[in-house]
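All remarks here apply to the structure that follows.
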Amino acid sequence: MLKPCETTILILAWCLLLALCWTAAVFGYLCRSQKAPSESIDGLGRGVIIPALVVAPVTLLIAFRYAGINLLFPIEIFATATELCIAALAPAVVLFIVSGLAGSLMRQLRLEHDHWQRQPFALAAVAYGHDKNKAVRRIVLLKGFVTAWAQCLPWLYGELIIVEAVFNAPGLGLSAWHMARARDHMGLLATIGLLILLYALSVAVTAWGNSWLGRRLESYA
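Going by the working numbering, the first residue of the sequence shown is number 18, and it counts up by one from there.
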């Protein structure tokens, strides 16, 4: 049986994995794209962000109505650890979209790709017969991912409670909701405290990543 903190961490871990896979996919698209930079920026990753309160119920309805798949979290006492782990994927996908992380990664990677491929070290790589995309790949992936993740981190935690509630995922957000309804003030404070601690830890790790990356990129300035 998963504890509330473990469920929330599992959903966020799935979201992180989705972000890493999406980063690699977007970079692959950028390497193959023949559009002009301005045209790519205008057309890539732009759109209206729809809140979880809309996306999550619609996702549940479509999956059940047209695919016969129940995306609600299973009853924990009757589910295996593998089933619970898989069940956390659907809310993570919705969270990945509604937090704006998917679109932010697309925009940020496009900007970083256009910026770094104009730098002297990338032009020198082309002069020596190397692939420009390979020369900038590591910088673009790291800088684009860390920047987009930092920008969307507040939205990830902001939409987390709604996503957990709609998918009936027994995480910290849903627990806080139940304790607020039951007027369990001490339990609510403890649950919110864990959420704040988890958010603070995420911010600290992200800030460290930005600082480390900034030091590594000083030589390219």
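Just so it is clear, CB atoms sit at the ideal spot from N, CA and C, and this is done for glycine as well.
Fair warning: this is a prediction, and the values are worked out from it, not measured in the lab.
Quick check: residue i and residue j, are their CB atoms within less than 8 Å of each other?
{"i": "Glu-176", "j": "Ala-107", "result": "no"}
{"i": "Leu-230", "j": "Val-180", "result": "no"}
{"i": "Val-183", "j": "Leu-29", "result": "no"}
{"i": "Phe-81", "j": "Asn-185", "result": "no"}
{"i": "Ala-165", "j": "Leu-211", "result": "no"}
{"i": "Tyr-216", "j": "Tyr-174", "result": "yes"}
{"i": "Trp-225", "j": "Ala-109", "result": "no"}
{"i": "Ser-192", "j": "Pro-21", "result": "yes"}
{"i": "Gly-190", "j": "Met-196", "result": "no"}
{"i": "Gly-161", "j": "Thr-25", "result": "no"}
{"i": "Leu-126", "j": "Phe-44", "result": "yes"}
{"i": "Trp-194", "j": "Ile-213", "result": "no"}
Output the distance between the C-alpha atoms of residue i and residue j, rounded to the nearest integer angstrom.
{"i": "Gly-62", "j": "Gly-120", "result": "The predicted model places Gly-62 with a pLDDT of 47, which falls under 50 and marks its position as unreliable; any figure quoted below should be read in that light. Gly-62 and Gly-120: Cα-Cα distance of roughly 4 Å."}
{"i": "Val-163", "j": "Leu-27", "result": "20 Å"}
{"i": "Ala-104", "j": "Pro-187", "result": "11 Å"}
{"i": "Ala-199", "j": "Trp-172", "result": "27 Å"}
{"i": "Gln-134", "j": "Ile-156", "result": "10 Å"}
{"i": "Phe-95", "j": "Leu-88", "result": "16 Å"}
{"i": "Leu-47", "j": "Leu-159", "result": "15 Å"}
{"i": "Ala-42", "j": "Leu-35", "result": "10 Å"}
{"i": "Cys-169", "j": "Glu-23", "result": "21 Å"}
{"i": "Ala-152", "j": "Ala-142", "result": "7 Å"}
{"i": "Pro-209", "j": "Arg-233", "result": "Note that residue 209 is Ile in the sequence shown here, rather than Pro. Going by the C-alpha atoms only, they are around 36 Å apart."}
{"i": "Cys-102", "j": "Glu-129", "result": "34 Å"}
{"i": "Asp-131", "j": "Pro-137", "result": "13 Å"}
{"i": "Val-222", "j": "Ile-114", "result": "22 Å"}
{"i": "Gly-60", "j": "Leu-140", "result": "Interpretation of Gly-60 is limited by its pLDDT of 45, a score under 50 that renders its predicted location unreliable; no figure is taken from the coordinates."}
{"i": "Val-15", "j": "Thr-99", "result": "This structure leaves residue 15 out entirely; the chain is present only between 18 and 238."}
{"i": "Val-220", "j": "Pro-74", "result": "29 Å"}
{"i": "Ile-58", "j": "Ser-50", "result": "Interpretation of Ile-58 is limited by its pLDDT of 47, a score under 50 that renders its predicted location unreliable; the figure taken from the coordinates is listed afterwards. C-alpha separation (whole angstroms): 12 Å."}
{"i": "Ile-86", "j": "His-147", "result": "48 Å"}
{"i": "Ser-116", "j": "Ile-67", "result": "9 Å"}
With respect to the alpha helix (DSSP H) encompassing residue i, which residues constitute its N-terminal and C-terminal limits?
{"i": "Gln-125", "result": "118-133"}
{"i": "Ser-192", "result": "189-198"}
{"i": "Ile-178", "result": "149-183"}
{"i": "Glu-23", "result": "21-49"}
{"i": "Pro-137", "result": "137-144"}
{"i": "Ile-209", "result": "202-233"}
Residue i CB to nearest chain B CB: under 8 Å?
{"i": "Leu-89", "result": "The chain labelled as chain B is not found in the depicted structure, where only one protein chain is given."}
- Item | 4 or more residues per run - each alpha helix (DSSP H) lying fully within the region 71-111 | Taking only runs of at least 4 residues, the alpha helix (DSSP H) segments lying wholly in the region 71-111 are 98-104.
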